[in-house]
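Engineer:
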Amino acid sequence: MSETYDFLFKFLVIGNAGTGKSCLLHQFIEKRFKDDSNHTIGVEFGSKIISVVNKSVKLQIWDTAGQERFRSVTRSYYRGAAGALLVYDITSRETYNALTNWLTDARMLASQNIVIILCGNKKDLDADREVTFLEASRFAQENELMFLETSALTGENVEEAFVQCARKILNKIESGELDPERMGSGIQYGDAALRQLRSPRRAQAESVQECGC
Amino acid sequence: MNPFFRRSQRHQAHTSKPSTLDHKAIKQMILDRATHPAIRETLESLLTYQIREPSSPDLATKTSIKRLQGRITAFQILRSRFLKSTSQTGVSRRREVGSLHLRERQVREMSHFRDKSRSGAKRKGSQVQEMLERFTALEKRNVKQQKQRNTDRKSSFWRGIKSLEEKRTSQTDLISKIQKRRGSTDLSELPQRKSNDFQKIKPNESQCVLKRLPDDSPIKKLTDSKESTDSQELYLPEGQLARVTLIRLALVSRGSRSHYNTWESLRGKRRGSKHRRCAEWCVDGDAVPSRMTMEQPGRTWSSNAPQRRVNEPSTARERVDSVDAYGFERSEEFDYESYEELMSEYLMVLTRRSIKWSKMLRGKQSIDRSMTVKRYIRKGVPGEHRPLVWSVCSGAQEQMEKHPGYYHSLLEKPHEPKLEESIRTDLHRTFPDNVYFRKSSEPCLQDSLYNVLLAYGKHNRAVGYCQGMNFLAGLLLLVCKEEEVVFWLMEALLGRILPDYYTGSMLGLKVDSEVLAELVRLRVPAVWTLLQNQGVLWTLVVSRWFICLYIDILPIETVLRIWDCLFYEGSKILFRVALTLIRHHQDLILQAQNLPDICNHFKQITRGAYVEDCHHFMKVRPLQS
């Protein structure tokens, strides 16, 4: 089976227990809701190729356990992530309150330029909502996060969340803000595109850096 | 490779080569550089000891006769059980009565075969009933003669044991074993039967004769049944002793190379290339007779199979329940055909183990620690004895008796909203595929689960609630039913057997992942190198294995068998299982090109026929190559 893609991004899915991280991932990959899912122990893994702005990007997604104490285990997987989905449950304020912690962890342990999208999951349970769209989007703005409300049950905005995150990373690469060549960037060139893509972008990136000096 | 095939080969080796260590093998092992120094030392002492004390063939024969009689009792009970076929419990077992009937016929044929082997009568399905009657009559007639013979035998047997005891006072293990046997086996209770001719042949001679016999020879079957009982361990204590020592060593040096070396050196040398194909059969020298009884009649039996199926539902899928004995729904991909085949064999094992266990426990509420018990546990604790055996072995029983009412007092303690919340989050995520954990089911185990987890969280604040504990408590509830027992078992498991696995830092888990990595580096270096090159941390692949103690990873029956050992032997069994899985599937794992492949392959290796056949799986040694 030949898999061709231009880029490979390492993604994380983080957030409190029971917010629906695994369901989001499952919906994204399998396009259906996983009804009888177990909680994640340690780390699970999934991957999918999507196409963003005429480029095919392979997402390598690490789905982490949400429970606090598993962080000591999952933290080792943060390193070198290019993007992250930070998930909370709109029907539980507690999961929302924990976001700051998750954010600090991600920024500290993953790559510095990690692109994070905040996902308010369980949008379908609007009746039980405890966190309003407005306050969450304000939080996102303050912390320079993208923001979407998603539903793993209906599939609303799920693909969108991953695609938006990937697009932002691609933009950053285009603009030279992110250097795929740097170790621990969480980005790799796909085999197919390695040669054609590398040289022009490399030159561009260097020129940007020079300007910054 | 077909496991059944392998098994038949194994047992042939067993007949042609005794499972104990002989001088040559020991010498070879001592000379072998790979042998751990400590083991070498033990072996040296063993060798000198063996030279001084050659094993007595006379005693050996006596013991095996006794064992054979025990076996016949088992057969009788089996037969009567199957004939009635009413005593079967559990939904799935009832469904399998069809296959049980076949088994019963097989058992009958076996017993008939034993009788008729000497007179040369031919076996025919229609004559089975008649043969059965004759068998019973024969048995009655023989009782009288046998009684006399047996008294002689018994006294000489114990005389032999006694002299053995005197000579080997330093070998405490052996003695305790013998004493235990003396205490627990009352020969007079065994039904007597005329001894078979082959028993008069000395073991070595009989083996030479056997080699020349065709595979389906009834004599061979009979000898197999003799050979494959675990009797040798009593009368050839050298091998047993070596094993005891090595197991101890293994325990002490947990995680070090020598642990696994022991198994290899012990097994590897015993297995010449000629017998290589069959050596697996004699794990611990106590191969399970039922395997053999299934095996050979199976050949003739399978040819009859189509006719017998006429009155049964047409497919295995219809015959086998879609929910297993523990309430788990079988998945879509479940292979009913091979399951039925497996179960028809395994049910025999279960019944036999059940009889043996009942005999050993005999209303007792305690279990000693001995090699017999260990061996029994390795071969699986019958479901009906599991709650008792688990709680006695782990010390949970003792704790429960010491602290009556403690569990209930915990439940009455003030609320802890955070703990309750985190437990609630996972309630519906515990065994969603199990009917007893459905909201709709009558006694919904979700409530019990909640209670147990809450009580434990209040009891052990350092742990509180950790994901994964819900699986442990859930499985314990399915097995033991009683909340309080489950609570104390949790206490034993988390507090003593697996300390620090579930605490805030999860130190135990991390350490054990590293230990496993090290073991893999030593024993299956190719796999270790692969993971190293791909930058995969071992916690990625094994944290689920260790945290869930293989629940939801391996098939339920296999998990229970692992847990049997876990409660008795401790956490080393977790490494054994992991190493066995990795080693057996190393070719598959090594095909992985990248990280996703590795993850998938590590998931793949926990499924399939290899792990479904729990009885065989539990007998595999991690270092079998």
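Residue numbers (the working numbering), protein chains in the order written: chain A, 46 to 258; chain B, 2 to 626. The C-beta atom is built at its ideal place from N, Cα and C for all residues, glycine as well. A quick note: this is a predicted structure, and the numbers were derived from the prediction, not measured.
Taking all protein chains shown into account, decide if Q594(B) is buried (16 or more other Cβ within 10 angstroms of its Cβ) or exposed.
Structural biologist: exposed
Engineer: Does the Cβ of K440(B) have 16 or more other Cβ atoms within 10 Å, making it buried, or fewer, making it exposed?
Structural biologist: exposed
Engineer: Going by other Cβ atoms of all chains shown within 10 Å of its Cβ, with 16 needed for buried, is M228(A) buried or exposed?
Structural biologist: exposed
Engineer: Below 8 Å CB to CB, which residues in the same chain sit around K482(B) once its five sequence neighbours on both sides are set aside?
Structural biologist: P388
Engineer: Tell me whether the beta-carbon of N461(B) lies closer than 8 Å to the beta-carbon of G509(B).
Structural biologist: In this structure, G509(B) does not lie closer than 8 Å to N461(B) by Cβ.
Engineer: Interface residues of chain B around V118(A) at Cβ under 8 Å?
Structural biologist: What V118(A) touches in chain B, judged by beta-carbon distance under 8 Å, is M507, L510, K511, T540, S544, going in chain order.
Engineer: Mind listing the chain A neighbours of C467(B)? Cutoff is C-beta to C-beta under 9 Å, in chain order.
Structural biologist: Residues of chain A with a Cβ closer than 9 Å to the Cβ of C467(B) are, in chain order, Q112, R114, F115.
Engineer: Quick one: is N166(A) near chain B, going by C-beta distance under 8 Å?
Structural biologist: N166(A) does not count as touching chain B.
Engineer: I need the boundaries of the beta strand (DSSP E) containing L130(A), first residue and last residue.
Structural biologist: 128 to 134
Engineer: Taking Cβ to Cβ, would you say I95(A) is nearer than 8 Å to A206(A)?
Structural biologist: no
Engineer: Comparing the CB of Y408(B) with every heavy atom of the ligand ADP, is any distance shorter than 7 Å?
Structural biologist: The ligand ADP is absent from the structure shown, which contains no ligand whatsoever.
Engineer: For Q157(A), name the three-state secondary structure that DSSP assigns.
Structural biologist: Here Q157(A) sits in coil by DSSP.
Engineer: Can I606(B) and L580(B) be called in contact, C-beta distance under 8 Å?
Structural biologist: no
Engineer: With distances taken Cα to Cα, identify the nearest neighbour of E334(B) among A326(B), P597(B), G609(B).
Structural biologist: G609(B)
Engineer: Just to confirm, is the Cβ distance from S514(B) to Y466(B) under 8 Å?
Structural biologist: no
Engineer: Measure how close the beta-carbons of I356(B) and V393(B) come, nearest whole angstrom, since I'm counting them as under 8 Å.
Structural biologist: With a Cβ gap of about 20 Å, I356(B) and V393(B) do not count as contacting.
Engineer: With a Cβ-Cβ cutoff of 8 Å, do N158(A) and E222(A) count as a contact?
Structural biologist: yes
Engineer: Between which residues of its own chain and H602(B) is the CB-CB distance below 6 Å, once the five residues before and five after are set aside?
Structural biologist: L589, I590, A593
Engineer: Could you confirm whether any beta carbon from chain B is found closer than 8 Å to the beta carbon of D51(A)?
Structural biologist: no
Engineer: Quick one: grab the DSSP three-state call for G91(A).
Structural biologist: strand
Engineer: Measure from the C-beta of V102(A) to each C-beta in chain B and report whether the shortest distance is under 8 Å.
Structural biologist: no
Engineer: Which residues, in order along the segment 585 to 604 of chain B, keep a beta-carbon less than 8 Å from a beta-carbon of chain A?
Structural biologist: L596, P597, C600
Engineer: Just the C-alpha distance for K380(B) and T85(A), rounded to the nearest angstrom, thanks.
Structural biologist: Approximately 32 Å, taken between the alpha carbons.
Engineer: May I ask you to list the residues that DSSP assigns as paired with S96(A)?
Structural biologist: S101(A)
Engineer: Closer than 9 Å by beta-carbon distance: list the chain A residues that pair up with S355(B), in chain order.
Structural biologist: Under the 9 Å cutoff, chain A gives no residues; its nearest Cβ is about 32 Å from S355(B).
Engineer: Compare the C-alpha of D565(B) against each of I378(B), L523(B), C549(B), L428(B) and name the closest.
Structural biologist: I378(B)
Engineer: Is it right to say D448(B) is buried, meaning 16 or more other beta carbons lie within 10 angstroms of its own, or is it exposed?
Structural biologist: exposed
Engineer: Is the distance from the Cβ of S92(A) to the Cβ of Q105(A) below 8 Å?
Structural biologist: yes
Engineer: Pull the bridge partners of Q233(A) from the DSSP assignment, please.
Structural biologist: L53(A)
Engineer: To the nearest angstrom, how far is it from the Cα of L193(A) to the Cα of L454(B)?
Structural biologist: Using only the alpha carbons, I get a separation of about 35 Å.
Engineer: Take V528(B) and list the residues in its own chain whose beta-carbon comes closer than 7 Å to its own, dropping the five residues that flank it on each side.
Structural biologist: V521, I583, Q587, I590, L591
Engineer: Compare the C-beta of S626(B) against all C-beta atoms of chain A and say whether one is closer than 8 Å.
Structural biologist: Bear in mind that the predicted position of S626(B) carries a pLDDT of just 38, short of 50, making it unreliable; the figure below should be weighed with that in mind. By this cut-off, S626(B) is not an interface position.
Engineer: What is the rounded straight-line gap between the Cα of N61(A) and the Cα of E113(A)?
Structural biologist: 8 Å
Engineer: Residue range of the beta strand (DSSP E) that M191(A) falls in?
Structural biologist: Here the beta strand (DSSP E) through M191(A) covers 191 to 194.
Engineer: Do G65(A) and A197(A) come within 8 Å of each other at the CB atom, strictly closer than that value?
Structural biologist: yes
Engineer: Counting only Cβ-Cβ distances shorter than 9 Å, please list the residues of the segment 73 to 100 of chain A near chain B, keeping chain order.
Structural biologist: D80, D81, S82, N83, H84, T85, I86, G87, V88, E89, F90, G91, S92
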